[in-house]
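*Asks:* Below is a structure I'd like to ask you about.
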Amino acid sequence: MQFVFLLEQVINGLLLGGYYLLIALGLSLIFSLGGVVNLAHGAFYALGAYFAVEITKHLGFAGALVLAPVAVGLLGMLFERFLLRGFYAADPILSLLLTFGLGMVGEQLIRMLWGASPLQSSIPAVFKGQVIVGDFLYSKYRLLMLAVVFLVLTGIWLLLNKTSFGRVVRAGVQRPDMVAVLGIRLQPYMTSIVVLGVSLAALAGVLFAPISGVHPAMGTEIMTAAFVVVVIGGLGSFWGVVLAAVLVGVVRGITIHFYAPAGEASMYLLMLGVLLFRPRGLLGERIERFE
């Protein structure tokens with residue numbers, strides 16, 4: 003029975019890692035290609051959850067799962083076009099201040115539109131209940147979430163490694179000067195990466211709203227963990243972020259099993275341990291910004 007309970011915590015850790023991954027992967031991609039630390043990323047995550055609540059009322063959970071990330075992605079396109087675009091070649095501190103302020107504005111806009119009280123988001127009826135295998139039982143909805151995260155991760159890997167779009171993005175991360183010499187403009191690719199990144203954050207908001215709750219400060223709360231994952235994994239590394247998200251999630255899940263009060267601290271200790279031996283993160287690469 004003790005083993006079954008520990009196994010449940012490990013799977014919960016994988017789920018938590020998937021949660022962090024959807025947010026941290028977008029953060030890493032945006033910084034890797036554009037050199038922008040997007041502190042407004044959490045606001046897009048929160049908007050995904052709030053849009054999901056509204057869309058679910060009319061089109062159900064399936065409609066929210068598709069349309070909420072699309073709607074947030076369109077906002078991301080405007081965000082990149084009218085705000086971020088002028089800061090790619092500037093001092094990173096300027097974009098950091100811009101996105102920090104935008105994140106605060108986004109949180110207050112949410113309070114104005116939906117109020118300060120938490121909103122209710124329930125698990126779809128078809129996914130309520132447990133899957134039972136011997137002594138082990140686990141939530142159907144959590145298994146769905148794991149499946150969606152796996153499919154999304156596979157799709158992004160294929161996009162970045164098996165398409166011409168992905169080849170240009172990877173070249174732009176590693177050698178933007180050479181990409182420019184070849185006559186390829188990175189600007190349209192940066193727009194696409196921002197849209198992809200904020201859409202992933204919104205998808206996380208949709209999936210985890212029934213578990214984590216929907217409230218105005220939810221974007222601010224998740225950003226710290228997302229940055230921890232990016233730092234541990236290393237900027238510019240797809241698999242570094244994936245590995246870091248899994249490690250953070252599992253370590254936190256197991257720590258909670260043995261000593262719940264240390265759950266939050268465990269990921270910071272993990273980050274400290276990694277940075278002592280690998281200052282660039284587990285699989286970090288050298289990053290050059292495009293201009």
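First residue of the sequence shown: 3, per the working numbering; consecutive thereafter.
C-beta atoms are modelled at their ideal positions from N, C-alpha and C, and glycine is treated no differently.
1) So residue 133 is in the beta strand (DSSP E); what residue range does that whole segment cover?
2) So the candidates are 285, 14, 284 and 23; which of them puts its Cα closest to the Cα of residue 153?
3) What does DSSP give as the partner residue(s) for residue 21 in the beta ladder?
4) In its own chain, which residues sit with a C-beta less than 8 angstroms from the C-beta of residue 59, not counting the 5 before and 5 after it?
5) Give the straight-line distance between the Cα atoms of residue 160 and residue 244, rounded to the nearest whole angstrom.
6) State yes or no: is the C-beta of residue 37 within less than 8 angstroms of the C-beta of residue 197?
7) Any Cβ of chain B within less than 8 angstroms of the Cβ of residue 257?
8) Any heavy atom of the ligand ATP closer than 7 angstroms to the beta-carbon of residue 274?
9) Measuring only the C-alpha atoms, how far is residue 292 from residue 88?
10) Pick out whichever of 269, 257, 273 and 274 has its Cα sitting closest to the Cα of residue 10.
11) How close, in whole Å, do the beta carbons of residue 52 and residue 210 come, if the pair is a contact with beta carbons under 8 angstroms?
12) How big is the Cα-Cα spacing for residue 255 and residue 14?
13) Return the Cβ separation of residue 228 and residue 49 in integer angstroms, given the expectation that the two are a contact with Cβ distance under 8 angstroms.
14) Compute the distance between the beta-carbons of residue 97 and residue 80, then report whether it is under 8 angstroms.
15) Nearest to residue 232 by CA position, among 259, 193, 281 and 93, is which residue?
16) Could you give the first and the last residue of the continuous alpha helix (DSSP H) run that contains residue 156?
17) Based on Cα-Cα distance, which residue from 25, 12, 35 and 148 lies nearest to residue 170?
18) Does the beta-carbon distance from residue 224 to residue 90 come in below 8 angstroms?
19) For a test of the three-state rule: what should DSSP assign to residue 289, helix, strand or coil?
20) Name the two residues that bound the continuous alpha helix (DSSP H) containing residue 2.
21) Ends of the alpha helix (DSSP H) at residue 268?
22) Quick check: what's the CA-CA separation for residue 289 versus residue 135?
*Replies:* Put simply:
1) Residues 132–135.
2) Considering only alpha carbons, the answer is 23.
3) Paired residues: none, contrary to the question.
4) The beta carbon of residue 59 sits closer than 8 angstroms to none of the beta carbons in its chain outside the five residues before and after it.
5) Taking the CA atoms as reference points, residue 160 sits about 14 angstroms from residue 244.
6) Taking 8 angstroms as the cut-off, the beta carbon of residue 37 is found no closer than this to the beta carbon of residue 197.
7) Looking for chain B here will not work: only one protein chain is present.
8) Only the bare structure without any ligand can be found here, which leaves the ligand ATP out of the picture.
9) Bear in mind that a pLDDT of 47 at residue 292, under 50, signals an unreliable position, so the model cannot answer this.
10) Relative to the Cα of residue 10, the nearest Cα in the group 269, 257, 273 and 274 belongs to 257.
11) Between residue 52 and residue 210 a beta carbon distance of about 13 angstroms is seen, past the 8 angstroms cut, so the two are scored as non-contacting.
12) Cα to Cα, the separation comes out at about 6 angstroms.
13) The Cβ separation is near 15 angstroms, so there is no contact.
14) Not in contact: residue 97 and residue 80 (Cβ atoms no closer than 8 angstroms).
15) Out of 259, 193, 281 and 93, 281 has the C-alpha closest to the C-alpha of residue 232.
16) Annotation: the continuous alpha helix (DSSP H) that includes residue 156 extends over 142–163.
17) Just measuring C-alpha positions, the residue of 25, 12, 35 and 148 sitting nearest residue 170 is 35.
18) Contact check for residue 224 against residue 90 fails: the beta carbons are separated by 8 angstroms or more.
19) At residue 289, the pLDDT of 48 sits below 50, so the modelled position is not reliable; the number obtained from the coordinates is stated separately. Here DSSP, grouped into helix, strand and coil, assigns residue 289 to coil.
20) Missing from the structure shown is residue 2; the chain here goes from 3 to 293 and no further.
21) Start and end: 265–279.
22) Annotation note: pLDDT 48 at residue 289 (below 50); position unreliable, coordinate value reported separately. Between the alpha carbons of residue 289 and residue 135 lies a distance of about 46 angstroms.
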